[in-house]
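Number of protein chains: 2
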Amino acid sequence: MATLTVWKFDNPTGAGEALGKLESLQKQQLIEIQDAAVVEWQPGEKEPKTRQAVSLTGAGALGGAFWGMLFGLLFFMPFFGLAVGAVLGGFAARFRDYGIDDDFIKSVRDQVTEGTSALFLLTVTGSAAVDKLQDELKGKMGSLIKSNLTNVQEAKLREAFGQENTAWRIGPRTLPPPAGASDEMRASIAETPQPDPAAMQIEPQSEAEWLAVIAQLDEGKLDMAREISKQFSVSVEHATIEGVNVYHVTPSEIDPKLEDKLFVHTHGGAFVLNGGEVCTLEAIVIAHLVKVRVLSIDYRMPPLHPAPTARTDVLSVYQHLLKTRPAGSVAMGGSSGGANLTMGLVQHLIELGIDVPGALFLGTPGADMSKTGDSYYINDSIDRNLVTYGGFVEACIRLYANGRDLKDPLVSPFYGDLHGFPPTLLITGTRDLLLSATARTHIKLRQSGVVADILVYDGTAHADYIGVIGSPESHHAFAELNAFLLRHLQ
Amino acid sequence: MATLTVWKFDNPTGAGEALGKLESLQKQQLIEIQDAAVVEWQPGEKEPKTRQAVSLTGAGALGGAFWGMLFGLLFFMPFFGLAVGAVLGGFAARFRDYGIDDDFIKSVRDQVTEGTSALFLLTVTGSAAVDKLQDELKGKMGSLIKSNLTNVQEAKLREAFGQENTAWRIGPRTLPPPAGASDEMRASIAETPQPDPAAMQIEPQSEAEWLAVIAQLDEGKLDMAREISKQFSVSVEHATIEGVNVYHVTPSEIDPKLEDKLFVHTHGGAFVLNGGEVCTLEAIVIAHLVKVRVLSIDYRMPPLHPAPTARTDVLSVYQHLLKTRPAGSVAMGGSSGGANLTMGLVQHLIELGIDVPGALFLGTPGADMSKTGDSYYINDSIDRNLVTYGGFVEACIRLYANGRDLKDPLVSPFYGDLHGFPPTLLITGTRDLLLSATARTHIKLRQSGVVADILVYDGTAHADYIGVIGSPESHHAFAELNAFLLRHLQ
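Going down the list, the protein sequences come from chains A and B. All you need for my numbering is the position in the first sequence, starting with 1, plus 44. All you need for my numbering is the position in the second sequence, starting with 1, plus 44.
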């Protein structure tokens, strides 16, 4: 716990003198101050001068950004004028998170005025520093304004301003191919050149550039999809439903118990890739290994169609399907951006009062696109498929979001309500950039009373279960999906 | 795919000359050789001279360790004598994994003899190198011995010998406190100094040193356990069962549906820590949050009692309990080394034909103690509780193993059979050094037909669910355990 104390002096120099005493006490290790700053307001000046006690900056110091923001809020706000009002709203709200509330702000503004000075101290709650200083300054000091920060408030404060103190710098390390993965998966990883974040710094600047990059990244995938469909004897047939392009993907062998069931597939690709018949790539694998009919939706995507067009397309197809079959006979899902869309659709269905599918498959879901979650940091440059959040991945997300906040549930359905979701199977791996997104979604689903299972495959990156098709991981994952659908579809 | 080709020459210099040609062709980029080595056996010598073609060592080279091991197997084995026979058994078995089988070894040993020489080449299967060299050496060359390596065999080979090629060097990164964790968990992590692997380099060298280190590391824990039991109004009572020390840990509130059930607790602590009443630390939390009676076993530990004494103690207590209650009314488990012991006990029970418990709790289980699994590398120095495998953790494991192979199921129950296990709940986190061990155990349990659920908490390290008692993660984990017991105990 930390305490933020403000000592007010009735003249412009008192605070500076007190700081001098403090520094000498600190040097003698008689007191422990975490951080300090001084405000001096000379008579006749329009605003005070502020300075951080650099000599005290050591363990626990928050740094200039914190004091700058706090003093901006306390003393310089009127000068910002109306134009920044909206910014200041969030600004003040943020400080409330740190335990610096309206009362505190008002006290300071009322008392620290022209011709006075003030000393701001951040100390460990209950430490001797404040008592000692009170003794030293007997008689010289004016009133005292105090704000006790809870552990959580202090942590939030440090998180925002003291990153040099709370973030850990993880040194270089050697990562061998995962000995805990299957031979096939490990061989595939051992053959992969080390992921290179520099190669992911592609940020198209215009619609034309986007279309060119997308065409380049999707090159060869259609041949691959057709090759796989041939290899697995899976038939693929184009159709349109309510004006939306779809593909009927039918395996040569259908599980007798899934004969009258349908898997509605929303493909991945960061909301921009895998359009057209390429969308069937994952659908073919699902159809073959889960032994179920799949309907893959070629929803419209950016740059021509930002959010929420994709979701609207998926909704149209789903609603059409419900005319001829019960919702409980439909499973739905996909990987990455596709899992995001499936989650978003289910939230939309619940809002609209439409029956939800009987089961969901969320493969390494892009449930939180805001770079919140441990694995965005830990698995940066370790995930061989996504590689890193910054660069192309983030560019795709922002293109899709089209100006929306990345924590808007339409962009990141994790932040929406998950109550009422159908039984959900989630899949991730220890090298997945979206390991945290998947794990957090799983926990939140269970907290929302949803039947939810997660599978974590050792050594696997984002959607490796679909990337290394013949691997035991891939076979096991889709055998689990088959069992899950048998258990939950009606 | 790679091919290992051996060119045999009928004189001791032919191979060296051929290597010269090869190097010049490689320099002209006319051929691509991944690695090469030469064996020259002068007449009258007892053994050949071997050397690696250092000039070729580039992309794809396996390095001296591979050639040294291979040549040891091929030419120097007889000189090792009988004493190392057991070692050579595993040695040869390992090469079989790389596609270097008995026939290959026999051919080489029969043909490459005194007065001859041989050139060993590793090339990409189907590359022009072998054909080109055959043209160049027309007439000079003796017979050719070949071994085609599959992708998996090549990957295994590279994993063992070519770490510089297949392991990734992950650069430094900054890891902020986990934004996806609860405020309480994040505050706790933000307050934790960065984990320091150097501080973990404690390797006691004698029984006395071990006992001193254990006493030091366990200091204060008993007070903490008693403080928590007071805070939660949990009663703790010592007893002995079949000569084994145990503690009856009874919460103030018992779930009515768990009134006649019992949770048998095997405490963690890397098989050496948390002995005596300290073993109740986790048991008190479980009793309070799961609302169930707990019996915590203070099994005997190293350095005085290495494996399998701990398991024998646990077995004695369990068998005694079965005299008065059905196995289905007993849940069992613990964290880390405790989860390892519970897994080992269940394997032992199945071997002995004794009824297994009705449900298991495996918190971040030390299921694989052999440093196999991704998270031993990825989360090295990121897990704030275990920190790193090397040093103290490994020393504890080896002390407990007492000379056994670390993949012996008695040390690492992951390598034993998991069929017939009761329903099992597993818990881990994204910073857990044992994330992979937990995830792999979960998948293997499911593959063995066992009902098994896993929970992965974002940002949490080894056993943080027990370390940050008031956190939502801790509450959720034990609420899940409560629900799991209600579902599966009989």
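Just so it is clear, CB atoms sit at the ideal spot from N, CA and C, and this is done for glycine as well. Everything numeric in this text was worked out from a predicted model, so none of it was measured.
Item to check | contact_flag[the segment 419-430 of chain B, the segment 445-457 of chain B] where n(CB pairs < 8 Å) is 3 or more | outcome: No, the segment 419-430 of chain B is not in contact with the segment 445-457 of chain B.
Checklist entry - For the 8 Å Cβ check, are there 3 or more pairs between the segment 242-259 of chain B and the segment 515-529 of chain B? => result The segment 242-259 of chain B is not in contact with the segment 515-529 of chain B.
Checklist entry - residue 515 of chain A: which of A/60, A/278, A/501 sits nearest, CA to CA? => result Selected option, being the one with the closest Cα: A/501.
Next on the checklist: Closer than 9 Å between beta carbons: that is the criterion. Which residues of the segment 473-488 of chain A meet it against chain B?
Outcome noted: Look at the segment 473-488 of chain A: the residues with a C-beta under 9 Å from a C-beta of chain B are 473, 474, 475, 479, 480, 481, 482, 483, 484, 486, 487.
Next on the checklist: Give me the subset of the segment 418-450 of chain B whose CB atoms are less than 8 Å from a CB atom of chain A, sorted by chain position.
Outcome noted: So the close ones are 418, 419, 421, 422, 423, 424, 425, 426.
Next on the checklist: Within 10 Å of its beta-carbon, does residue 31 of chain A have 16 or more other beta-carbons around it, so buried, or fewer, so exposed?
Outcome noted: Given a span of 45 to 534 for chain A in the structure shown, any question on residue 31 of chain A remains unanswerable.
Next on the checklist: I'd like the list of long-range same chain contacts for residue 89 of chain A, defined as Cβ closer than 8 Å, with 5 residues on each side in sequence excluded.
Outcome noted: Answer for residue 89 of chain A: 158, listed in chain order.
Item to check | Residues in the segment 85-98 of chain A having any Cβ partner in chain B nearer than 7 Å | outcome: Among the residues of the segment 85-98 of chain A, none has a Cβ less than 7 Å away from any Cβ of chain B.
Next on the checklist: Let me confirm a value: residue 311 of chain A is counted as buried when at least 16 other C-beta atoms fall within 10 Å, else exposed. Which label applies?
Outcome noted: Residue burial annotation: residue 311 of chain A is buried, with at least 16 other C-beta atoms found within 10 angstroms of its C-beta.
Checklist entry - Which partner residues does residue 214 of chain A have in the DSSP bridge list? => result In the DSSP assignment, residue 214 of chain A forms a beta bridge with B/217.
Item to check | Integer-rounded CB distance, given that residue 162 of chain B should sit under 8 Å from residue 52 of chain B | outcome: At roughly 5 Å, the Cβ-Cβ gap stays under 8 Å, so residue 52 of chain B and residue 162 of chain B are in contact.
Item to check | Cβ-based burial, residue 404 of chain B [other Cβ within 10 Å; buried from 16] | outcome: By the beta-carbon neighbour count (other beta carbons within 10 angstroms, threshold 16), residue 404 of chain B is buried.
Next on the checklist: Please report whether the beta-carbon of residue 102 of chain B lies at a distance below 8 Å from any beta-carbon of chain A.
Outcome noted: Below a pLDDT of 50, predicted positions are generally treated as unreliable, and residue 102 of chain B, at 49, falls in that range; the measurement from the model is reported next regardless. Taking Cβ atoms only, chain A never reaches closer than 8 Å to residue 102 of chain B, which makes this a no.
Item to check | Bridge partners - residue 96 of chain B, DSSP secondary structure assignment | outcome: Per DSSP, B/81.
Checklist entry - Do you know how far the Cα of residue 495 of chain B is from the Cα of residue 326 of chain B? => result The alpha-carbon atoms of residue 326 of chain B and residue 495 of chain B are separated by roughly 24 Å.
Item to check | Touching by the beta-carbon criterion (3+ pairs, under 8 Å), the segment 352-361 of chain B and the segment 385-396 of chain B | outcome: Touching, per the Cβ criterion.
Checklist entry - Which full runs of the alpha helix (DSSP H) of 4+ residues lie inside the segment 469-506 of chain B, going along the chain? => result Counting whole runs of 4 or more residues, the segment 469-506 of chain B contains the alpha helix (DSSP H) stretches 479-491.
Checklist entry - What number of angstroms, rounded off, separates the C-alpha of residue 49 of chain A from the C-alpha of residue 512 of chain B? => result Going by the C-alpha atoms only, they are around 29 Å apart.
Checklist entry - For the segment 295-324 of chain A, which segments carrying the beta strand (DSSP E) assignment without a break, of at least 3 residues, lie completely within its bounds, in sequence order? => result The segment 295-324 of chain A contains these whole beta strand (DSSP E) runs: 306-310.
Checklist entry - Taking only beta-carbon atoms, is residue 218 of chain A less than 8 Å away from chain B? => result Chain B, which has a Cβ nearer than 8 Å to the Cβ of residue 218 of chain A, makes this yes.
Item to check | Distance CB(residue 291 of chain A)-CB(residue 281 of chain A) smaller than 8 Å | outcome: Taking 8 Å as the Cβ cut-off, residue 291 of chain A and residue 281 of chain A qualify as a contacting pair.
Checklist entry - Could one say the Cβ of residue 512 of chain A lies closer than 8 Å to chain B's Cβ atoms, at least one of them? => result Chain B, which has no Cβ nearer than 8 Å to the Cβ of residue 512 of chain A, makes this no.
Checklist entry - What residue from A/372, A/422, A/477, A/324 has the CA that sits closest to residue 413 of chain A's CA? => result If we check each option's Cα against that of residue 413 of chain A, A/477 comes out closest.
Next on the checklist: Contact criterion: CB-CB distance below 8 Å. Does residue 212 of chain A meet it with respect to chain B?
Outcome noted: Yes, its Cβ sits closer than 8 Å to a Cβ of chain B.
Next on the checklist: So, for residue 379 of chain A: in the same chain, excluding its five sequence neighbours on each side, which residues have a beta-carbon less than 7 Å away from its beta-carbon?
Outcome noted: Taken in chain order, the residues that qualify are 312, 326, 407, 408, 507, 510.
Checklist entry - How would you label residue 531 of chain A, buried or exposed, when you count the other beta carbons within 10 angstroms and need 16 or more for buried? => result With fewer than 16 other Cβ atoms within 10 Å, it is exposed.
Next on the checklist: Please confirm whether residue 520 of chain A has its beta-carbon closer than 8 Å to some beta-carbon of chain B.
Outcome noted: With 8 Å as the cut-off, residue 520 of chain A counts as an interface residue toward chain B.
Item to check | As assigned by DSSP and simplified to three states, the class of residue 189 of chain B | outcome: Strand.
Checklist entry - Between residue 259 of chain A and chain B, is there a C-beta pair that is closer than 8 Å? => result So, not an interface residue.
Checklist entry - From residue 225 of chain A to residue 503 of chain A, what does the alpha carbon distance come to, in whole angstroms? => result Going from the Cα of residue 225 of chain A to the Cα of residue 503 of chain A covers about 6 Å.
Item to check | Pick from A/150, A/471, A/63, A/441 that is closest to residue 315 of chain A, judged by C-alpha positions | outcome: When A/150, A/471, A/63, A/441 are compared, the shortest CA-CA separation from residue 315 of chain A is found for A/441.
Next on the checklist: For a cutoff of 8 Å on Cβ pairs, would you count residue 334 of chain A as touching chain B?
Outcome noted: With 8 Å as the cut-off, residue 334 of chain A does not count as an interface residue toward chain B.
Item to check | Sequence-distant residues of its chain with Cβ nearer than 8 Å to residue 400 of chain B (five each side left out) | outcome: Excluding sequence positions up to five before and after residue 400 of chain B, its CB lies within less than 8 Å of the CB of 371, 390, 393, 394, 464, 465, 466, all in the same chain and listed in chain order.
Checklist entry - Under the rule that 16 or more other beta-carbon atoms within 10 Å means buried, what is residue 364 of chain A, buried or exposed? => result That one is exposed.
Checklist entry - Does the beta carbon of residue 144 of chain B come closer than 8 Å to any beta carbon on chain A? => result Cβ-Cβ to chain A under 8 Å: no for residue 144 of chain B.
Checklist entry - Checking contacts by CB at 8 Å: is residue 501 of chain B closer than that to chain A? => result Chain A contact via Cβ: present.
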